[in-house]
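Here the structure is laid out as structure tokens; the discussion comes afterwards.
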Amino acid sequence: MDVLIKRKKGILWILFVSFFRIGAFTWGGGYAMVPLIQRELVQKKELMNDDDFINILSIAQSFPGAIAVNTAGLVGNRLAGFPGLLVAILGSVIPSFIIMILAATLLFHYGDLVLVQRFFRGATPAIVALIATGIFSIAKRAFKQRFDLILSGVLFVLVLVFDFHPFWIILIGALTGLVRKS
Amino acid sequence: MIYFHLFLAFVRIGFLAFGGGIAVLPLIQKEIVDTYQWLTTTQFLDLVTLSELTPGPIAINSATFVGYKIGGVFGAAIATGSFCLPSIGFILFISKFLSAFEGNDKVQKIMKGLRPSVIALMSLAGYSIAQNGIIDWFAVGLSAVSFILVWKNIIDPIFMLILAGLAGMFYYR
Numbered sequence: 166m167d168v169l170i171k172r173k174k175g176i177l178w179i180l181f182v183s184f185f186r187i188g189a190f191t192w193g194g195g196y197a198m199v200p201l202i203q204r205e206l207v208q209k210k211e212l213m214n215d216d217d218f219i220n221i222l223s224i225a226q227s228f229p230g231a232i233a234v235n236t237a238g239l240v241g242n243r244l245a246g247f248p249g250l251l252v253a254i255l256g257s258v259i260p261s262f263i264i265m266i267l268a269a270t271l272l273f274h275y276g277d278l279v280l281v282q283r284f285f286r287g288a289t290p291a292i293v294a295l296i297a298t299g300i301f302s303i304a305k306r307a308f309k310q311r312f313d314l315i316l317s318g319v320l321f322v323l324v325l326v327f328d329f330h331p332f333w334i335i336l337i338g339a340l341t342g343l344v345r346k347s
Numbered sequence: 002m003i004y005f006h007l008f009l010a011f012v013r014i015g016f017l018a019f020g021g022g023i024a025v026l027p028l029i030q031k032e033i034v035d036t037y038q039w040l041t042t043t044q045f046l047d048l049v050t051l052s053e054l055t056p057g058p059i060a061i062n063s064a065t066f067v068g069y070k071i072g073g074v075f076g077a078a079i080a081t082g083s084f085c086l087p088s089i090g091f092i093l094f095i096s097k098f099l100s101a102f103e104g105n106d107k108v109q110k111i112m113k114g115l116r117p118s119v120i121a122l123m124s125l126a127g128y129s130i131a132q133n134g135i136i137d138w139f140a141v142g143l144s145a146v147s148f149i150l151v152w153k154n155i156i157d158p159i160f161m162l163i164l165a166g167l168a169g170m171f172y173y174r
């Protein structure tokens, strides 16, 4: 019993530290974090094997939320139940939280500086480019079927011209996916 | 009251945030800029840039930023926590029915069906950011160059962002 409790405390700490490190040192979120999580949990800490990890990863993408947070929660939950879930999610979120508060404070103080404004003005076109690469990499897989291409266009018109709430766009996609044959 | 609205807004965003990464931006724009008007479009652009420049998931960074601006550190905690709540709910739900969920055909079909939705929503985000952020030929060129360099994996996205920012500092004198 004692050993079990000790082990459990140990695992909570390991979960927290692992996901803290992942949260603090990966930029961009989403899939950028996947290899880091794998190295940390599968290779370094040996908390699970590759098959387990791939399983968890595919589940983490099948419901909404940040992929890093979903992965952290699933891993924590599997290894140490609900406390594990909370500790892993906290670990993955806290670095972002602290750094963002510092960054936002700086922006609120120095945002009026001309140099800062020029920096953001230059960065915005690059943001558009980043979003475009994101769209392209999904489209590369999705547009193998003409139906997906047309549906994307229709949904884009619905959301842009007719101001549909994203909820309906998500719902339409989910339902058509469910109904379609392939 | 403001905390309650932050809670509502970010639970909604968390519940619809399929696709990960920047796919969450249109949802945030809808709730934060259009519905609640907590940020202007320009402030939203700054938020996006800042969220990309700082480590961690973009959704978490955005939630923290908006919450902090609207309700201080406590507001930031509410917004970030609320965004995570749907995830936690789904994980608890899924772990009860894990065997039914793993490799489930219907789940796979829904995920595939969501691709056009994610593409449409991301296109909307790109379009509205471009509308406000690409204001002259310099920006057009910068955007095109950034796209090629990042798409061809020549430059890391974050590094590209910093370079573009520096270019802006020199050009917009």
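Order-wise, the sequence lines are chains G and R. If you use this note's numbering, the first sequence corresponds to residues 166 to 347, in order. If you use this note's numbering, the second sequence corresponds to residues 2 to 174, in order. Glycine included, C-beta positions come from ideal geometry on N, C-alpha and C. These numbers come from a predicted model, not from an experiment.
Only residues of its own chain outside the window of five on either side were considered, and among them none has a CB closer than 8 angstroms to the CB of alanine 297/G. Unbroken alpha helix (DSSP H) runs of no fewer than 4 residues, entirely contained in the segment 17 to 103 of chain R, are found at 26 to 29, 42 to 54, 59 to 97, 99 to 102, following chain order. Nearest Cα to leucine 212/G within the set Ala233/G, Pro200/G, Ser183/G: Ser183/G.
At a cut-off of 8 angstroms between beta carbons, glutamine 226/G contacts chain R.
Under the 10 Å beta carbon count, arginine 204/G is surrounded by fewer than 16 other beta carbons and is classified as exposed.
Sorting Asn235/G, Gly230/G, Lys209/G by C-alpha distance to the C-alpha of asparagine 220/G places Asn235/G at the top. Of the residues Tyr69/R, Asp35/R, Leu162/R, Asn154/R, the one whose Cα lies closest to the Cα of aspartate 328/G is Asp35/R. In this structure, the straight-line span from the alpha carbon of valine 49/R to that of arginine 306/G is close to 26 angstroms.
When the five nearest sequence neighbours on each side are left out, the beta carbons in the same chain lying within less than 7 angstroms of the beta carbon of serine 144/R are those of Ile135, in order along the chain.
Valine 108/R sits away from serine 302/G, with the two beta carbons spaced by 8 angstroms or more. If you draw a 10 Å sphere on the C-beta of arginine 13/R, you find 16 or more other C-beta atoms in it, and that means buried.
Counting every other CB atom within 10 Å of its CB across the protein chains shown gives arginine 311/G a total below 16, marking it as exposed. In terms of beta-carbon proximity, tryptophan 178/G stays away from the interface with chain R, with every pair separated by 8 angstroms or more. Straight through space, the alpha carbons of serine 147/R and glycine 82/R are spaced by roughly 34 angstroms. The contact set of serine 183/G on chain R, defined by CB atoms closer than 8 angstroms, is empty, because the minimum CB distance reaches about 15 angstroms.
With contacts defined as CB atoms closer than 8 angstroms, serine 88/R and glycine 169/R fail to qualify as a contacting pair. For phenylalanine 247/G, the uninterrupted alpha helix (DSSP H) segment begins and ends at 232 to 275. Contact of glycine 188/G with chain R is assigned, a C-beta pair being separated by under 8 angstroms. Not flagged as an interface residue toward chain G: phenylalanine 8/R, since no C-beta distance is shorter than 8 angstroms. Distance from the CA of asparagine 62/R to the CA of leucine 167/R, rounded to the nearest whole angstrom, comes to 22 angstroms. Using beta-carbon distances, phenylalanine 16/R counts as an interface residue toward chain G, with a partner under 8 angstroms.
Between the alpha carbons of tryptophan 152/R and isoleucine 23/R lies a gap of roughly 15 angstroms.
The CB of aspartate 313/G comes closer than 7 angstroms to the CB of Arg116, Pro117 in chain R, given here in chain order.
Taking the Cα positions, valine 67/R is about 23 angstroms away from leucine 251/G. Inclusion of aspartate 313/G and proline 27/R in the CB contact set at 8 angstroms is not warranted, their separation being larger than that value.
With respect to chain R, the C-beta atom of histidine 274/G has no partner C-beta closer than 8 angstroms. Restricting attention to Leu201/G, Leu272/G, Lys210/G, the CA atom closest to the CA of leucine 180/G is found in Lys210/G.
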